[in-house]
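> Handing you a structure now.
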Amino acid sequence: MDSGFVIEKFILVAVIFGISLVIAMYSTYAERKVAAYLQDRLGPDRAGPFGILQPLADGLKMFMKEEIIPTSSNRFLFIAGPGLALLCACIGTAVIPWGSPVLIAGKTIPLQVSDINVGVLYIFGVVSLGVYGVMIGGWASNNKYSLLSAIRAASQNISYEIAMGLSIIALLLMTNTLSLKEIVDQQHGWRWNVLYQPLGFLIFMVCSFAETNRAPFDLPECETELIGGYHTEYSSMKLGFYLFAEYINMFVSSAVMAALYWGGYNYPGMDSMAVWLGPTWAPLFGTAVFFGKICAFIFFFMWVRWTIPRFRYDQLMNLGWKGLIPLAIANIIITGVVIAIIEKF
Amino acid sequence: MESLSNKKKVLEQKPLSFMEKMYLPAIAKGMGITISHLFKKEATIRYPEVEREFSTNFRGMHSLKRDENGKERCTACGLCALSCPAEAITMIAAERKPEEKDLYREEKYAATYEINMLRCIFCGLCEEACPKEAIYLDGPIVPADYLRKDFIYGKDKLVEAPLEMKK
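Top to bottom, those sequences are chains A and B.
Each step along the first sequence adds one to the number in this note's numbering, with nothing skipped, and position 109 is 1590.
Each step along the second sequence adds one to the number in this note's numbering, with nothing skipped, and position 45 is 85.
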């Protein structure tokens, strides 16, 4: 392994890490702005022009707050919980293909940290690890509301992971690969998977709302029943970590949805653009398109949050186990039959 | 049992139909409603920079009026303090000296006149009680402050500016 490779990867990791943190930061701002405009208000507009410095002010506030660790809590796990939540949220970005290889200074650099051949499985593994941060934090708080919320989060995530995995299987039947890079490359131009797998995408999207604990499935944070949810006892930057992890999760799941179903960095007319812009700028333009799709998904997440009321717990479980899982299985069967028919004739 | 008034309505709770169970049509409708609000005019007024227009009978901060010669109208009769339901007004009366003839309209005047803005409920009864048309609640909103003592407004803040300055 030469040092150029290490430096190249290090820069790529740093850039992606920085971008995901900045996007998560400005998601909090965007959330408040979107909420405001959807409710005929203005939202934060005091810190800087249009309130653009609001995330910095919020971050400063989080750092300055008094940090309280309850004496009855398990101190080690109490600190480990938010760290784990943020770590699991961040490492998901490692396998996402941000763009096709770009030519910089005579060197072709792939815009993906690691093209492992089980990328989809890796994402699933990271996502299911994410619930440990919530579980550990909720349990270590030694507070019944936190614990209840953590149990809710765990059972919700496990239930929806099944439907999510099943919805992906139908996609994998079509693509014949687990590598995210290859899945995206197969969707060249207009051949986006959502056109062939609309039901699968719908199931996947609903499940990713549940996996990221976003409304209408934000039961772990249900204020009316559980005070603050699993982070009731948290204060200062540990609380900030949990909130931040939620936004990074939202970013990562938007990226996964865009990559798996909406063509990633592919867009119609990309071949003529590639000729016109050359090997350096064309992939970067594709990356910009990809980020545009991600931002559209993030906006969609927020739009849904300010529209749909929270599900009741039994409704959540009914939808997951009796609605989405049978639907996902039916989707697998239909996809399999159609593929078999196409191959036969 | 038979209803006597015939007004009773029996609510029927039907189980959800298939379309309703799918949630999706209702969700799409709701999303349409929220997105339409994105393009509506926001109701917010950016307060310190922009002020809402008040109605003509708005009651704001009090002002102690002067007459056409610039003399203070108030004679410290105390009717405003008596009429005040919140007991926000106090005053000390004094006798006018010959050389102060241009300052005060009548022989008796208010040496100090204080309104506690934290007590005041802006009901306007002082305005109605005043026989000399000396007090009106025609000012702006009373501004916020940090200390309770700063909300006790004396004559320095209440009395109208002298006529020369107005011109």
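Quick reminder that beta carbons are idealized off the backbone N, C-alpha and C, glycines included.
Taking one C-beta from the stretch 1594-1607 of chain A and one from the stretch 1518-1534 of chain A each time, how about it: are there three or more such pairs within less than 8 Å?
no
> Can you check DSSP and say which residues form a bridge with Tyr144(B)?
Position 104 of the second sequence, counted from the first residue, corresponds to residue 144(B). DSSP, once it has assigned bridges, lists Glu112(B) as partnering Tyr144(B).
> Ala1740(A): buried (16+ other C-beta within 10 angstroms of its C-beta) or exposed?
Numbered from its first residue, the first sequence carries residue 1740(A) at position 259. Flag for Ala1740(A) reads buried.
> Under three-state DSSP, which class holds Gly1801(A)?
Here residue 1801(A) corresponds to residue number 320 of the first sequence, with the count starting at 1. Reduced to three states, the DSSP call for Gly1801(A) is helix.
> Is the CB of Tyr63(B) under 9 Å away from at least one CB in chain A?
What you label residue 63(B) is simply residue 23 of the second sequence in a count that begins at 1. Yes - at least one Cβ of chain A is within 9 Å of the one on Tyr63(B).
> Is the Cβ of Trp1802(A) closer than 9 Å to any Cβ of chain B?
Position 321 of the first sequence, counting from 1, holds the residue named residue 1802(A). With 9 Å as the cut-off, Trp1802(A) does not count as an interface residue toward chain B.
> Under DSSP, the beta strand (DSSP E) around Thr1693(A) begins and ends at which residues?
Translated into the one-based positions of the first sequence, residue 1693(A) becomes position 212. Note, Thr1693(A): premise wrong, no beta strand (DSSP E); not H, not E.
> Closer than 7 Å by beta-carbon distance: list the chain B residues that pair up with Leu1519(A), in chain order.
On the first sequence, residue 1519(A) is found 38 positions in, with the first residue counted as 1. Simply Thr74, His77, Leu78.
> Using only the alpha-carbon positions, how far apart do Gln53(B) and Glu60(B) sit?
For the purposes of this step, residue 53(B) is taken as the residue at position 13 of the second sequence. For the purposes of this step, residue 60(B) is taken as the residue at position 20 of the second sequence. For Gln53(B) and Glu60(B), the distance between alpha carbons rounds to 14 Å.
> Taking the straight line between their C-alpha atoms, what separation do you get for Phe1722(A) and Pro1563(A)?
Position 241 of the first sequence, counted from the first residue, corresponds to residue 1722(A). Position 82 of the first sequence, counted from the first residue, corresponds to residue 1563(A). Cα to Cα, the separation comes out at about 6 Å.
> Between the stretch 119-135 of chain B and the stretch 153-169 of chain B, do three or more beta carbon pairs fall short of 8 Å?
With contact defined as three or more Cβ pairs closer than 8 Å, the stretch 119-135 of chain B and the stretch 153-169 of chain B are in contact.
> Is DSSP giving Ser1753(A) helix, strand or coil here?
As a working note, residue 1753(A) is residue 272 in the first sequence. In the structure shown, Ser1753(A) sits in a helix (DSSP, three-state: H, G or I).
> Does the stretch 1652-1661 of chain A come within contact of the stretch 1806-1820 of chain A, defined as at least 3 CB pairs closer than 8 Å?
yes
> Determine whether the beta carbon atoms of Trp1762(A) and Val1515(A) lie at a separation below 9 Å.
On the first sequence, residue 1762(A) is found 281 positions in, with the first residue counted as 1. On the first sequence, residue 1515(A) is found 34 positions in, with the first residue counted as 1. It is not a contact, given that the beta carbons lie outside the stated cut-off.
> Is any heavy atom in the ligand MN found nearer than 8 Å to the beta carbon of Tyr1748(A)?
Ligands displayed in this structure: none; no statement on the ligand MN is therefore possible.
> Considering only the beta carbon of each residue, do Ser1508(A) and Ile1789(A) sit closer than 9 Å?
For this step, residue 1508(A) is matched to residue 27 along the first sequence. For this step, residue 1789(A) is matched to residue 308 along the first sequence. Contact flag unset, no.
> With H, G and I counted as helix, E and B as strand and the rest as coil, what does DSSP make of Asn156(B)?
Along the second sequence, read from residue 1 onward, the residue named residue 156(B) stands at position 116. DSSP places Asn156(B) in strand when its eight states are reduced to three.
> Mapping DSSP to helix, strand and coil, what is Glu1727(A)?
The residue you call residue 1727(A) lines up with position 246 of the first sequence. Of the three classes helix, strand and coil, the one that applies to Glu1727(A) here is helix, per DSSP.
> Out of Ile1823(A), Ile1549(A), Glu1512(A), state which residue places its alpha-carbon closest to the alpha-carbon of Ser1716(A).
Here residue 1716(A) refers to the residue found at position 235 when the first sequence is read from its first residue. Residue Ile1549(A) is the option with its Cα nearest to Ser1716(A).
> Give a yes or no on whether 9 Å exceeds the smallest Cβ distance from Arg1522(A) to chain B.
The residue you call residue 1522(A) lines up with position 41 of the first sequence. Interface residue, yes.
> Measuring straight from C-alpha to C-alpha, what distance separates Gln1678(A) and Tyr1742(A)?
The residue labelled residue 1678(A) in the question sits at position 197 within the first sequence. The residue labelled residue 1742(A) in the question sits at position 261 within the first sequence. Approximately 8 Å, taken between the alpha carbons.
> Per the contact definition of three or more C-beta pairs closer than 8 Å, is the stretch 1744-1758 of chain A in contact with the stretch 1769-1777 of chain A?
Judged by Cβ distances under 8 Å, the stretch 1769-1777 of chain A makes contact with the stretch 1744-1758 of chain A, as three or more pairs qualify.
> Assuming Ile1729(A) contacts Cys1571(A) (C-beta within less than 8 Å), just tell me the rounded distance between them.
The residue labelled residue 1729(A) in the question sits at position 248 within the first sequence. The residue labelled residue 1571(A) in the question sits at position 90 within the first sequence. Contact holds; Cβ gap of about 6 Å.
> Which first and last residues belong to the beta strand (DSSP E) in which Thr1589(A) is found?
As a first step, residue 1589(A) is located in the first sequence; it is residue number 108 there, counting from the start. Per DSSP, Thr1589(A) belongs to the beta strand (DSSP E) from 1588-1592.
> Can you name the start and end residues of the alpha helix (DSSP H) that Glu167(B) belongs to?
In the second sequence, counting from the first residue as 1, residue 167(B) sits at position 127. It spans 165-169 - the alpha helix (DSSP H) in which Glu167(B) sits, taken as one unbroken run.
> Determine, for Ala83(B), whether the minimum Cβ-Cβ distance to residues of chain A falls below 9 Å.
Within the second sequence, the letter at position 43 stands for residue 83(B). It does: the Cβ of Ala83(B) has a partner Cβ on chain A nearer than 9 Å.
> Look up Glu135(B) in the DSSP assignment and give the residues it is bridged to.
Here residue 135(B) refers to the residue found at position 95 when the second sequence is read from its first residue. Paired residues: Lys148(B).
> Would you report the Cα separation of Lys207(B) and Lys105(B), rounded to the nearest angstrom?
On the second sequence, residue 207(B) is found 167 positions in, with the first residue counted as 1. On the second sequence, residue 105(B) is found 65 positions in, with the first residue counted as 1. The predicted model places Lys207(B) with a pLDDT of 47, which falls under 50 and marks its position as unreliable; any figure quoted below should be read in that light. The alpha-carbon atoms of Lys207(B) and Lys105(B) are separated by roughly 16 Å.
> Are the Cβ atoms of Tyr1518(A) and Glu82(B) separated by less than 9 Å?
Here the question's residue 1518(A) lines up with position 37 in the first sequence. Here the question's residue 82(B) lines up with position 42 in the second sequence. Contact: yes.
> Does Thr1693(A) have its Cβ less than 9 Å from a Cβ in chain B?
In the first sequence, the residue the question calls residue 1693(A) occupies position 212. No, because no Cβ of chain B sits closer than 9 Å to the Cβ of Thr1693(A).
> I'd like to know whether the C-beta of Met59(B) is nearer than 9 Å to at least one C-beta of chain A.
Numbered from 1 along the second sequence, position 19 holds the residue referred to as residue 59(B). No, Met59(B) lies away from the interface with chain A (no Cβ there is under 9 Å from its Cβ).
> Can you list, in chain order, the residues of the stretch 1787-1800 of chain A whose Cβ is nearer than 7 Å to any Cβ on chain B?
Trp1787, Thr1788, Ile1789
> Using only CA atoms, which one of Gly1587(A), Trp1620(A), Arg1695(A), Cys1703(A) lies nearest to Glu1727(A)?
For the purposes of this step, residue 1727(A) is identified with residue 246 of the first sequence, where counting begins at 1. Ranking the options by Cα distance to Glu1727(A), first place goes to Arg1695(A).
> How about Leu1797(A) and Ala1691(A): do their beta carbons lie closer than 9 Å?
Working through the first sequence from its first residue, we reach residue 1797(A) at position 316. Working through the first sequence from its first residue, we reach residue 1691(A) at position 210. Yes, they are a contact pair.
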